[in-house]
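If you count the sequence shown from 1, you need to add 4 to reach our numbering.
Ideal placement from N, C-alpha and C gives every residue a C-beta, glycine not left out.
None of these values were measured; they are calculated from a predicted model.
In what follows, a single structure is set out as structure tokens and then discussed.
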Amino acid sequence: MDFQQINFSAESVLSFSNITIYPQECRIEINGESLTLSRRQFALLYLLARNVGRILTKEQIYSHVWDEIVPINVDETIRYHISEIRKKLNELADIDCIETVWGIGYRFKESK
Numbered sequence: 005m006d007f008q009q010i011n012f013s014a015e016s017v018l019s020f021s022n023i024t025i026y027p028q029e030c031r032i033e034i035n036g037e038s039l040t041l042s043r044r045q046f047a048l049l050y051l052l053a054r055n056v057g058r059i060l061t062k063e064q065i066y067s068h069v070w071d072e073i074v075p076i077n078v079d080e081t082i083r084y085h086i087s088e089i090r091k092k093l094n095e096l097a098d099i100d101c102i103e104t105v106w107g108i109g110y111r112f113k114e115s116k
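Structural data, given as structure tokens:
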């Protein structure tokens with residue numbers, strides 16, 4: 005897959021067991037309830053979900069979601085945003101769909 009900036013208006017809805025992602029509306033539903041994320045958090049979660057099962061490096065995530073030159077503190081930046089997304093997912097439905105692949109990056113896994 006080519007890591008270009010996501011054009012949400014051209015993307016399809018992604019649906020997993022209890023998560024539905026509506027890219028055209030930048031909206032996520034979990035078990036029918038809306039989850040509020042910042043634009044960057046949404047883009048990060050959507051990028052991972054669009055590549056379900058595939059490990060994405062922190063540099064790939066950063067360059068795709070931020071569309072900027074990778075800074076020195078990319079690890080901290082990505083870790084912070086992943087942490088915030090996980091916190092919001094857990095508050096709403098105790099979902100653990102983002103897996104840390106130590107030393108490499110992250111991947112989206114379908115919730116059981």
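State yes or no: is the C-beta of residue i within less than 8 Å of the C-beta of residue j?
i	j	result
I82	Q45	no
I102	L51	no
S38	R31	yes
G109	I65	yes
Just grab the DSSP bridge partners of residue i for me.
i	result
V56	Answer is none; V56 lacks a bridge partner.
G109	T61 and V105
E33	T24 and S38
Can you tell me which of the three DSSP states residue i falls into?
i	result
S67	helix
S16	coil
D79	helix
E114	coil
I99	coil
Which same chain residues end up closer than 6 Å to residue i when comparing Cβ atoms and leaving out the 5 residues on each side of it in sequence?
i	result
V17	Y26
T24	E33
Output yes if chain B places a C-beta closer than 8 Å to the C-beta of residue i; else output no.
i	result
T40	Judged by its chain identifiers, the structure shown contains no chain B, having just a single protein chain.
Which residues in the same chain have their Cβ closer than 7 Å to the Cβ of residue i, if we skip the five residues on either side of it in sequence?
i	result
I86	I102 and Y110
L96	I34, E37 and L39
If residue i sits next to residue j, beta carbons under 8 Å apart, how far is it from one beta carbon to the other, in whole angstroms?
i	j	result
L41	L49	7 Å
Near residue i, what residues of its chain come up, given a Cβ to Cβ distance below 8 Å and the 5 sequence neighbours on each side ignored?
i	result
E114	F20, S21, V56 and C101
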